[in-house]
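Position 455 of the sequence shown, counting from 1, maps to 454 under numbering that gives the first Met the number 0, and the rest follow consecutively. Here the structure comes first, spelled out in C-alpha cells, and everything after it is commentary.
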Amino acid sequence: MTRRGGGLALAAAVSGTAFEWYDFFLYGTAAALVFPTLFFPGEDPLTGILLSFAVYATGFIARPLGGLAAGAFGDRYGRRRALSATLWVMGLATAAIGLLPGYAQIGIVAPLLLVALRFVQGIATGGEWGGAVLMALEHAPDRRGLRGGVVASSVYLGLILGNLAFVIAVAVLDEQALFAWGWRVPFLASLVLVAIGLVLRHRVAESPEFLAAVAADTGRDGGRVGAHPIADALRQPRNVIAVALVRIGQNASFYVISVFCLGYAATVLGMPKWVTLTALLTGASVAALLCPLWGAIGERIGAARLTAASLAGLGVLAVPLFLLLDTGVAALVIAVVGLSIGIVNAAADGVQPVWFASLFRTRTRYSGISIGREAGAIIGGGLTPLAATALVAWTGHWWPVAAMMIVAAALGVVGAIIARPVGSAPEVADARSGTGAGTGTGRTAGDLAGSRVQAGLGTTVSPTAISPVVSGASQTPK
Numbered sequence: 000m001t002r003r004g005g006g007l008a009l010a011a012a013v014s015g016t017a018f019e020w021y022d023f024f025l026y027g028t029a030a031a032l033v034f035p036t037l038f039f040p041g042e043d044p045l046t047g048i049l050l051s052f053a054v055y056a057t058g059f060i061a062r063p064l065g066g067l068a069a070g071a072f073g074d075r076y077g078r079r080r081a082l083s084a085t086l087w088v089m090g091l092a093t094a095a096i097g098l099l100p101g102y103a104q105i106g107i108v109a110p111l112l113l114v115a116l117r118f119v120q121g122i123a124t125g126g127e128w129g130g131a132v133l134m135a136l137e138h139a140p141d142r143r144g145l146r147g148g149v150v151a152s153s154v155y156l157g158l159i160l161g162n163l164a165f166v167i168a169v170a171v172l173d174e175q176a177l178f179a180w181g182w183r184v185p186f187l188a189s190l191v192l193v194a195i196g197l198v199l200r201h202r203v204a205e206s207p208e209f210l211a212a213v214a215a216d217t218g219r220d221g222g223r224v225g226a227h228p229i230a231d232a233l234r235q236p237r238n239v240i241a242v243a244l245v246r247i248g249q250n251a252s253f254y255v256i257s258v259f260c261l262g263y264a265a266t267v268l269g270m271p272k273w274v275t276l277t278a279l280l281t282g283a284s285v286a287a288l289l290c291p292l293w294g295a296i297g298e299r300i301g302a303a304r305l306t307a308a309s310l311a312g313l314g315v316l317a318v319p320l321f322l323l324l325d326t327g328v329a330a331l332v333i334a335v336v337g338l339s340i341g342i343v344n345a346a347a348d349g350v351q352p353v354w355f356a357s358l359f360r361t362r363t364r365y366s367g368i369s370i371g372r373e374a375g376a377i378i379g380g381g382l383t384p385l386a387a388t389a390l391v392a393w394t395g396h397w398w399p400v401a402a403m404m405i406v407a408a409a410l411g412v413v414g415a416i417i418a419r420p421v422g423s424a425p426e427v428a429d430a431r432s433g434t435g436a437g438t439g440t441g442r443t444a445g446d447l448a449g450s451r452v453q454a455g456l457g458t459t460v461s462p463t464a465i466s467p468v469v470s471g472a473s474q475t476p477k
C-alpha cells in the first residue's frame, strides 16, 4: 500500500466519521437546548429534559444493531461498502429531523417521529467507527498509532461542528427565531457534509488486508472472509467484553459531561448557554489536537496501560467537576471540562483505534470491535444522561451522578486489564509482501513467526501487522 493510498483512506475515514458524528452529536445539543420545548411542551423544565434525553438514548440502543449489521457485512463483503451505507443512512435521518414539525403542529406524532429517526441515526452510527478505523489502519504502511489517533480526533471534530452550529445559532438569533426555524438549519446542513464524505469514500480502494483475507480463504469459504463473523467473534468473548467495559467506563464520564452537564447547568443552575457550549467546544478542540499524540504515545508505553490511567483519571475528576460546575464561574467550568474531555478522556480515545484493532483477527475485526464498542455505548452513553437526570430529580443533588461516574471508570479499568491482543490473520503478512496467498491451513509463516513482545498491562502476544503497534515495546513498525 502506497503512502498516497494510505493518505486518501485516512482522509476518507476522518471526513466521513466527522460528518457522521456531527449528525449524532447534533441531537445531543438540541436535546438539551431546544427539543424539550419543541417536542415535550407542558412539562416542567427538568422533566422535559428527562424526556428529551430518553429519546436521545434510543440512538444508543440502536447502535449495537447497526454494529452487528455493518460488522457482518464489512467482514464478509468489504469495509468500503459498509461505510458508504452508514453515511447515507445517517445523512438522510438527520435531514429528516430538520424537517420535522413540532408538537404544536402535529401533537404526539412529533415526538414519535423523533424517536424513530433517532433510532435510525443510532443504527448508522453503530457501524461507522469500527469501519472507519479499519479503513484507515488496514491501508496504513506505518505509524498506525498516530493514524488511529487521527481517526479518533474526527469524532471530536464532529462534536465541535455539532456544537458550533448551535453556538452560532444562539449568538445570531433571538430565542423566537431559534425555536421557530433556526434549530433546523444545522440538521439540514448534514446533506452537504455527507455528500463530501461519500465522494471521498468512493475514491478509496478496498482494504488490502481484507482483500488478502479473501484470497487466503478462497476455496474454504467460497471466497468469502468469515462466513459467520459475528459468531466467530463471540466464540472468544473475552476481548468483546473487554472493549465493552472500557467503553462503558469512558462513555459514562464523557456523556455526563458533554450532554447532561450542559442541560443541568443551563436549566438547573441557570448558567448562560454560551458558557457550557464554550466549555464543550474547548474540551473537544484540545482533544482533537491531542488524540494523535496519545495514539503515538500508546505505541511506546502500551495501550492498555494508557487507557487504564485515563479511566482512573476520569474517576478522580468526577467530584471536582461538579464542585466547580456549582460555582457558576465561567472560567472554572471551561477549565474543568477542558481538562476532563480534552486531556484525560482524549488519552483513552486516541489509542483505542489501533488497540481495539489488535484484539481481533482480520476476518472478525469489524464485527468484534463494533459489537463490543456499541454494546458498551448503550450503558455508558445512552443511559448515563438519562440516569444522571433521574438521579438529580430524585435526590436533588449531583453526588449520585459523580458516584456513578466513579463506578463506571472502575469497570473500564477492569476491561483494560483483561484485554488480550491476538495475532491477526495470516493474510496480513501476505498483504505486506504483495502476494495475497495463504497456506493450506489459512495461516502463513509470517503469522506464525516473530518474536514475542510485551502488550499493555504485562500480557504477552505474538506480533502481527497491527498488534505490535500497541504492544508497548520499544520498536515502532516501519
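The beta-carbon is built from N, C-alpha and C at its ideal position, and this holds for glycine as well. Keep in mind that this is a model prediction, so the values were computed, not measured.
Taking a contact to require three or more Cβ pairs closer than 8 Å, the segment 260–268 and the segment 28–37 qualify as touching. When the Cα atoms are used, Thr16 and Ile105 turn out to be separated by approximately 33 Å.
Rounded to the nearest angstrom, the Cβ distance from Ala376 to Phe59 is 5 Å, consistent with a contact under 8 Å. Only residues of its own chain outside the window of five on either side were considered, and among them Ala131, Ala135, Val149, Val150, Ser152, Ser153, Leu156 have a CB closer than 8 Å to the CB of Val13, listed in chain order.
Residue burial annotation: Gln351 is buried, with at least 16 other C-beta atoms found within 10 angstroms of its C-beta.
By the neighbour-count criterion, in which a residue is buried when 16 or more other Cβ atoms sit within 10 angstroms of its Cβ, Gly126 is buried. With contacts defined as CB atoms closer than 8 Å, Gly77 and Ile370 fail to qualify as a contacting pair. In the structure shown, the three-state DSSP call for Met270 is coil.
Shown here, Val421 sits in coil according to DSSP, grouped into three states, outside any helix or strand. Taking Leu163 as the centre and dropping the five residues before and after it, the same chain places the C-beta of Leu280 closer than 8 Å to its C-beta, in chain order. About 5 Å separates the CB atoms of Tyr21 and Gly161; that is less than 8 Å, so the two are in contact. Exposed is the label assigned to Val328, since fewer than 16 other Cβ atoms lie within 10 Å of its Cβ. In this structure, Tyr254 places its C-beta atom within 8 Å of the C-beta atom of Gly380. Within the same chain, Cβ atoms closer than 6 Å to the Cβ of Ala401 are found at Ala317, Val318, Phe321, the five residues on either side in sequence being excluded. Put simply, the backbone Cα of Arg299 is about 30 Å away from that of Val203. Ala69 sits close to Ala81, with the two beta carbons spaced by under 8 Å. DSSP, read as helix, strand or coil, puts Ser189 in helix. Within the same chain, Ile333 come within 7 Å of Thr277 by CB-CB distance, once the 5 residues on both sides are set aside. For a cut-off of 8 Å, the C-beta gap from Ala345 to Ala286 is around 4 Å, short enough to register as a contact.
Collapsing the DSSP output to three states places Gln235 in coil. Burial check for Ile107: the Cβ neighbour count within 10 Å stays below 16, so the residue is exposed. Excluding five sequence positions before and after Leu9, the CB atoms of its chain that fall closer than 7 Å to its own CB belong to Ala135, Arg146, Val149, given in chain order. For Arg360, the secondary structure class from DSSP, reduced to helix, strand or coil, is coil. With fewer than 16 other beta carbons inside 10 angstroms of its own, Leu288 counts as exposed. In terms of Cβ geometry, Ala53 and Met89 do not form a close pair [threshold 8 Å]. In terms of CA proximity to Ala71, Gly129 leads the group Pro100, Leu112, Ala61, Gly129.
The Cβ-Cβ distance between Phe165 and Thr28 falls below 8 Å. Non-local C-beta neighbours of Ala347 in its own chain, meaning closer than 7 Å and more than five positions away in sequence, comprise Gln249, Thr306, Ser309, Leu310, ordered along the chain. Restricting attention to Phe118, Ala295, Ala392, Phe186, the CA atom closest to the CA of Ala61 is found in Phe118.
Distance from the Cα of Val353 is smallest, within the candidate group Glu137, Gly341, Gly269, for Glu137.
In the displayed model, Ile378 falls within a helix according to three-state DSSP. The alpha-carbon separation between Ala170 and Ile159 amounts to approximately 16 Å. Residue state for Gly196 is assigned as helix, using DSSP reduced to three classes. Glu208: member of the alpha helix (DSSP H) spanning 207–216, first to last residue. CA-CA distance, Ala392 to Gly337, rounds to 26 Å.
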